[in-house]
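Taking it in order: structure first as structure tokens, then the write-up.
Chains as they are written, first to last, in the working numbering: chain Z, 1 to 408; chain R, 1001 to 1408.
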């Protein structure tokens, strides 16, 4: 950052402004899609000549294209429209959920171009087996990309607690992983010479919904993700809450039922995940133990909506526990929106009255003045698209540097 | 911020670097006390000539003084020591707790120079009465300051939910205040021509412990404050968690006992404040209803330490509920330190084993690897010193501008 300062106060490196602006402009079109230079100038509080300087450099690097608007409505010279170069720049995104593995090629701009999906059993999936499948899918998608397309990064979402620096899975209860070098292994087996950025699935879901989903423009939001467990991704002042070592947002292990709580995967009892997760819902609804997974959850919610009393009781009860967790989070975070994703999306759609009732009872009126509840706008792709955002982060931080490194 | 940019990317105002550095340097000596230029150069990653430029300007404005070190241990030219001008620059700090009103003159550097304290009954203290006492104390302290001293700001801590922009008390359950224009009224009655910055007591306690207490150097910390209720101040990535509208950190209304919870001041039952606050402790210990306040709490903890069985049971039980709240917060925030202040300081000192036991049982091992527990280092002055920090904020953001306005 420092470039041998000799004048007092001249410590701002002269290149930081443009680089930050290049990244910010690219981020705007990456997240919002095509924008005219005039719109970019307004959004970024820069004048048009500055915008032109930035788009010219991004265009030369192959990151954006500029074209005349198709319908020039107003008089005067029309403002060129800036579009992300979706056919030339992509990332590989991996999503390791409890029940399935997904790998996708995601374009600059966020479109999922291609994907590979593998369902898998919950028992005994070890690191090698998981990484083997993912790496094969990843290499396959990479080979299938157009010859002139550039892979700008690799990101992975994992259903557990991740050490930020190196993608080590510290704790992944549903796969039984403790301290597994997932990111490093995947990077090596992919063999693309690119590091793999790994994040917790709910943190990444929050990032994706914040960038291009139900939380656009909201700087304080909570994303609740239901896989088998219940995860949280919380954005505070525009940034994901990582805490001291990257393990913040463990919403699922909030103790909500200290009296006679259900046993939890973590060894404790009465955690939010134990009371409001998949197992609790299916068990309350009287479903056989063999019936598990997202489809089974959806069936209970659908049965409740059709009037099945056991399913209705189950959804109401789980909704009440979830509502306690939600109320506590609103009191703590004063968020603008609370977003339900994964299996929590279905529970929310079925149990919204119970959740709202808990908010009424347990959230201070001042704290709930501004909060909205919302289903995840990105559906089942929240975590996958979050992994893609993680993969794009370096490019958006330093567009020309990353493209130069990628050999354009 | 923008100064008619014509060159692409030249939007950084040329004066921002120096102003930020002036404020940062002043903050260093304000929070850490006297520091040599060499130490400042290292802390701020600036070279010594830059530091000299900054200290010269701050010194000319009357904000710091420079002197030769008393013991020059090493050879070579000794590095001048920079000291905050504690005798020339101060703020007025107000602390409105449930049981007492405190007003202090606090020097640049954080020393409490003078204070006035009024105890008061809990019943019916209306806005006018409270502001009347505070304003009289404040004017008195202001009059008593040296003729050449400058009042750089006014800050107030209040035991309730505060709207950040204007110091409106949105909700102050223990004084029965709803939507009272506290900040504006106090500013008017003080008559110093200075605005009053108001903050929630626990938010400010967090700020003070972060700046000069048990949380120095920790960017993610939780401060729990016990007055009659239980408040929280949470610092995430170095900033107090405000949320969407300034009402974040409402730890006291986390529902911890959904089955047979005690009634809470907020109208709900089973909130952390109801189960682990002053009333619960005194009632569990069998103290008469007439006995209230911080001294009564201290007496129960002291009795427990002396072996009184009823007091021991009460402290253990309250400690367990507090431990549930603490465990939930550690799972959510992955903090570096959790600090207990006000009445919570006494409960923590008496019930540490119960709190640690809950952390063992209910916090994921990965999440508790780095967390420390600590009593507030600033004792009963956390919230008052937090109000002082709020009052100093503008000066530290723009040292020369504020001093110019103050007429030096």
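Cβ coordinates follow ideal geometry from the N, Cα and C atoms, glycine included. Since we're looking at a predicted model, the values are computed, not measured.
Are residue 85(Z) and residue 110(Z) close, meaning C-beta to C-beta below 8 Å?
No, these two residues do not count as a Cβ contact at 8 Å.
If the criterion is Cβ atoms closer than 8 Å, does the pair residue 1214(R) and residue 1387(R) meet it?
Not in contact: residue 1214(R) and residue 1387(R) (Cβ atoms no closer than 8 Å).
Under 9 Å, CB to CB, which of the residues in the segment 1204 to 1217 of chain R have a partner in chain Z?
none
Taking 7 Å as the cut-off, is the beta-carbon of residue 214(Z) closer than that to any non-hydrogen atom of the ligand MN?
The ligand MN is not part of this structure, which contains no ligands at all.
Residue 1011(R) CB to nearest chain Z CB: under 8 Å?
Any answer about residue 1011(R) is weak, because its pLDDT of 37 lies below 50 and its placement is not dependable; what the coordinates show is given next. Residue 1011(R) counts as touching chain Z.
Does DSSP put residue 1369(R) in a helix, in a strand, or in coil?
coil
What are the residues in the segment 1323 to 1338 of chain R lying within 7 Å of chain Z by C-beta distance?
So the list reads 1324, 1327, 1328, 1331, 1332, 1333, 1334, 1335, 1336, given in the order they occur along the chain.
Would you mind working out which of 193(Z), 248(Z), 221(Z), 406(Z) sits nearest residue 199(Z), comparing C-alpha positions?
248(Z)
For residue 1289(R), does the count of other Cβ atoms within 10 angstroms reach 16, so buried, or fall short, so exposed?
exposed
Quick check: is the beta carbon of residue 1261(R) nearer than 8 Å to any beta carbon in chain Z?
no
In angstroms with no decimal places, state the Cα-to-Cα distance between residue 134(Z) and residue 1277(R).
51 Å
Rounded C-beta distance between residue 105(Z) and residue 114(Z)? I'm assuming under 8 Å.
Indeed they touch by this definition, with Cβ atoms about 5 Å apart.
Just to check my reading of the structure: residue 1355(R) and residue 1322(R) have Cβ atoms closer than 8 Å, yes? What is that Cβ distance to the nearest angstrom?
6 Å
What is the rounded straight-line gap between the Cα of residue 334(Z) and the Cα of residue 1019(R)?
32 Å
Just by C-beta distance, which residues in the segment 153 to 184 of chain Z are closer than 7 Å to chain R?
161, 170, 171
Sort out for me which residues DSSP pairs residue 225(Z) with in a bridge.
231(Z), 341(Z)
Let's test the definition: count the other Cβ atoms within 10 Å of the Cβ of residue 70(Z) and tell me whether it reaches 16, buried, or not, exposed.
exposed
Using a Cβ-Cβ distance cut-off of 8 Å, determine whether residue 1200(R) contacts chain Z.
no
So who's on the other strand from residue 1271(R), going by DSSP bridges?
1255(R)
Could you tell me whether the Cβ atoms of residue 131(Z) and residue 186(Z) are closer together than 8 Å?
yes
With 8 Å as the threshold, decide whether the Cβ of residue 1247(R) is near any Cβ in chain Z.
yes
Is the segment 1280 to 1299 of chain R close to the segment 1352 to 1368 of chain R, with three or more CB pairs under 8 Å?
no
With a threshold of 8 Å between beta carbons, is residue 1250(R) in contact with chain Z?
yes
Specify, as a first and last residue, the run of the beta strand (DSSP E) that residue 1066(R) falls within.
1064 to 1067
Grouping DSSP H, G and I as helix and E and B as strand, with all else coil, what is residue 127(Z)?
helix
Please list, in chain order, the chain Z residues whose beta carbon lies closer than 7 Å to that of residue 1268(R).
361, 362
Just to confirm my understanding: we take residue 1221(R), look at its own chain, exclude 5 residues before and 5 after, and list those with CB closer than 8 Å. What are they?
1206, 1209, 1210, 1215, 1234, 1235, 1335, 1336, 1337, 1338, 1339
Exposed or buried, which one is residue 1294(R) when buried takes at least 16 other CB atoms within 10 Å?
Buried: at least 16 other Cβ atoms inside 10 Å.
Can you tell me whether residue 83(Z) is helix, strand or coil according to DSSP?
Of the three classes helix, strand and coil, the one that applies to residue 83(Z) here is strand, per DSSP.
Answer with yes or no whether the minimum CB distance from residue 353(Z) to chain R is below 8 Å.
It does not: the Cβ of residue 353(Z) has no partner Cβ on chain R nearer than 8 Å.
Helix or strand or just coil, what does DSSP make of residue 303(Z)?
helix
In whole angstroms, what separates the C-alpha of residue 1066(R) from that of residue 1023(R)?
17 Å
Which full runs of the alpha helix (DSSP H) of 4+ residues lie inside the segment 1153 to 1217 of chain R, going along the chain?
Complete alpha helix (DSSP H) runs here, min 4: 1182 to 1190, 1201 to 1212.
Among 399(Z), 60(Z), 162(Z), whose alpha-carbon lies nearest the alpha-carbon of residue 21(Z)?
399(Z)
Judging by CA-CA distance, which residue of 1239(R), 1068(R), 1052(R), 1112(R) is the nearest neighbour of residue 961(R)?
Outside the shown range of chain R, which is 1001 to 1408, sits residue 961(R), and nothing can be said about it.
Return yes when the Cβ of residue 1281(R) is within less than 8 Å of the Cβ of residue 1297(R), no when it is not.
Contact: yes.
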